[in-house]
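Residue numbers (our numbering), protein chains in the order written: chain A, 429 to 773; chain B, 429 to 773.
Note that the Cβ used here is the ideal one computed from N, Cα and C, for glycine as well.
Accompanying notes for the structure given below.
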DNA sequence: GTTAGCACTCAAAAATGCAGAGTGCTAATT
DNA sequence: AATTAGCACTCTGCATTTTTGAGTGCTAAC
């Protein structure tokens, strides 16, 4: 069977209507709102075909139809085509009064959740691809150093380094170590710090133990190791607005997933891979397409942002399958552009 | 009427039973489990008295009784007395592998939620009472400084300071400013930085604009201003375990309150005041006793911890009114001791 | 003072009934 | 051949009723 034009119109009508109401949609409704001027009986025949082809399903006999995952997928793919060449450079005030990326992200994710009425998440850039801008180790007391690393995007990371078993330090020695570190590591990313590079640094200092501890700490901060990825979420309670998500224990599982974040890290990871592969920064996961457990009833839309210089992260919106794809795609596009603009300099 | 011994036993039995089951408890149940060897009829008479005295209520005629807020209060006060002189120094592994207070708190709140099966929160110490241990300003580029402040408890705060309109800086000038700042501010708390002190600092430098910007940033970080209080929460979804909290839109409001945190800040504030006033670090808020909106059906137990040197914060557990007060009090006591032990050095 | 017994009450659960929306099929129409 | 009207049937959601069971208050007996 072929998906001719009329079937497409009917399918789209079903989906749009269902997105609005959340109720299964019946033949009579379509005959009224599709603009096709067909009777409900004809529509019924077509719907029967669409069901056979797998685009829609009946929650139970004698109910209207709702889109299947395949149906949503068709709809979204159609949207993506028209969406792709749309350009929107509305300036928002979101990026005005922030000096650190962390704060921007927190503000952003909150705004996103409020704007879309879905749950939103954003991952801080995975630091292992960020270039080191500035390193500063300072003596706190006899046994500890405070290590501060500033990365592209004014991202600051700190750690304390234990000096047990290391060389005695004084101010001038500390100074020379700092100069050495900045000299050697400036502009590098976590993955640039190779064995060879480390050997080279060792060769230039006599405080091998201290420098060793510091390098270990730096490595720890910049490692790919997932626990370093910052994830901010907001608007988790928005899911209560959608009965199909808040019933029984679904809400609990969902909110728990948003709270725990380890699953989200996986999502971010997958999303950035898929984005690269398909050369489209925006990805849509419908139901079980997403790597998340307990999210079979959700859709997830992710956008991978890039702030020049390899600074990358992921924004995402999580909502019911019947989310307003059109709007969310638009908003995410806008946000991506904004971030681009704001940080390009 | 007097609350004689038998009434106390009956009341306690009612409460304990209700804590377990969540169902109103009837006279027959008590006659079986109170250990008093009285018939249900006698119990009924006593219950009638207890109701008149306001310790228990009937959700509707011909239902069992449930404790009123006054009843809970009586029970908790009784517990507090026995609890007070209990000592428990079980060593946990919670505090082993952390070097920064932030991480400790995150781990702690998670463990607390898992352990109690209620929602848990912990506030980072209010930094305005923390002593400054170490200040370091570094030149990032021509227009910006990175300011790092380390406070008691290895608490690190960073900020970027704009240099627009300030004096030209080089390495040596920066050095002298740092020395000046550490010299003047070491060991002070936010509230110690008075007008007079600032004037004194100005008198000792010729880079007045730069130092002014830095001091402003420091003041901003250390100000009482609530937005600086860090609050971590965990286990929000535990409330779904208690039907009386998860019904209708209560769950949504509760989780939203936990997510937004501004109400929690208020709670922390109140809790520390009440703790000081009553000279008891542990406070119990039953129903409407708590300052939180939307929490009339919850109880909140808070514990104010202190890590020597005036470093203070609040841990809290939020659960249904029928929470296991005994256990939570015990756990909080233990945690308080642990924190004491771990950070005393 | 305590207990047994009975009539009464009420909420929750189960059963029942009904209206409405929707379908599939067939026969009539275009 | 495609479309439509019509009808019998199914299923849900909702409201109403019935049933059940737990629990009480009261009175009379112990």
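9 Å or more divides the Cβ of residue 561 of chain B from the Cβ of residue 482 of chain B. With respect to the 9 Å criterion, residue 621 of chain B and residue 608 of chain B are not classified as neighbours on the basis of their beta carbons.
Taking a Cβ-Cβ cut-off of 7 Å, the neighbours of residue 578 of chain A in chain B comprise 568, 574, given in sequence order. In this structure, residue 643 of chain A keeps its C-beta atom at 9 Å or more from the C-beta atom of residue 577 of chain A. If you ignore the 5 residues before and after residue 734 of chain B, its C-beta comes within less than 8 Å of the C-beta of 709, 740, 768, all in its own chain and listed in chain order.
Distance from the CA of residue 570 of chain B to the CA of residue 591 of chain B, rounded to the nearest whole angstrom, comes to 8 Å. With a 10 Å radius around the Cβ and a threshold of 16 neighbouring Cβ atoms, residue 460 of chain B comes out exposed.
Between residue 666 of chain B and residue 666 of chain A, the alpha-carbon positions lie close to 18 Å from each other. Taking 9 Å as the CB threshold, residue 699 of chain B stays off the interface with chain A. By the rule that beta-carbons nearer than 9 Å mark a contact, residue 687 of chain B touches chain A. Annotation for residue 754 of chain B: 507 place their beta carbon closer than 7 Å to its own, counting only its chain and skipping 5 residues before and after.
Taking C-beta separations shorter than 6 Å and ignoring five residues to either side along the sequence, the partners of residue 497 of chain B in its chain run 714, 715, following chain order. In this structure, the CA atom of residue 645 of chain B is about 13 Å from the CA atom of residue 556 of chain B.
Sorting B/438, B/509, B/757 by C-alpha distance to the C-alpha of residue 465 of chain B places B/438 at the top.
Interface criterion not met: the Cβ of residue 555 of chain A is under 9 Å from no Cβ in chain B.
At a cut-off of 9 Å, the C-beta of residue 725 of chain A has no neighbouring C-beta in chain B. Beta-bridge annotation (DSSP): residue 726 of chain A is paired with A/748. In the structure shown, residue 679 of chain A falls within a helical segment according to DSSP collapsed to helix, strand and coil. Sixteen is the threshold: since fewer than 16 other Cβ atoms of the shown chains lie within 10 Å of the Cβ of residue 675 of chain A, the residue is exposed.
Contiguous alpha helix (DSSP H) elements confined to the segment 586-641 of chain B occur at 599-613, 623-631, taking only those with 4 or more residues.
When secondary structure is reduced to three states using DSSP, residue 664 of chain A falls in the helix class. Rounded to whole angstroms, residue 689 of chain B and residue 594 of chain A show a C-alpha spacing of 42 Å. By the neighbour-count definition (other C-beta atoms within 10 Å, threshold 16), residue 582 of chain A is a buried residue.
The three-state reading of DSSP puts residue 547 of chain B in strand, counting E and B together.
Residue environment analysis places residue 636 of chain A among the exposed positions, since fewer than 16 neighbouring C-beta atoms fall within 10 angstroms of its C-beta.
Burial check for residue 744 of chain B: the Cβ neighbour count within 10 Å reaches 16 or more, so the residue is buried. DSSP places residue 692 of chain B in the uninterrupted alpha helix (DSSP H) bounded by 690-706. Around residue 561 of chain A, the beta-carbon contacts reaching into chain B at under 9 Å are 568, 569. Not one beta carbon of chain A lies nearer than 9 Å to the beta carbon of residue 642 of chain B. By the rule that beta-carbons nearer than 9 Å mark a contact, residue 539 of chain A does not touch chain B.
Of the candidates B/447, B/530, B/746, B/435, B/746 places its Cα closest to the Cα of residue 711 of chain B. At a cut-off of 9 Å, the C-beta of residue 722 of chain A has no neighbouring C-beta in chain B. Linking residue 537 of chain A to residue 719 of chain B through their CA atoms gives a straight-line distance of about 28 Å.
With contact defined as three or more Cβ pairs closer than 8 Å, the segment 760-767 of chain B and the segment 690-702 of chain B are not in contact. In the three-state DSSP reduction, residue 542 of chain A falls in the helix class (H, G or I). Shown here for residue 664 of chain B: same chain residues with a beta carbon closer than 6 Å to its own, the five before and five after excluded, namely 547, 683, 686 in chain order.
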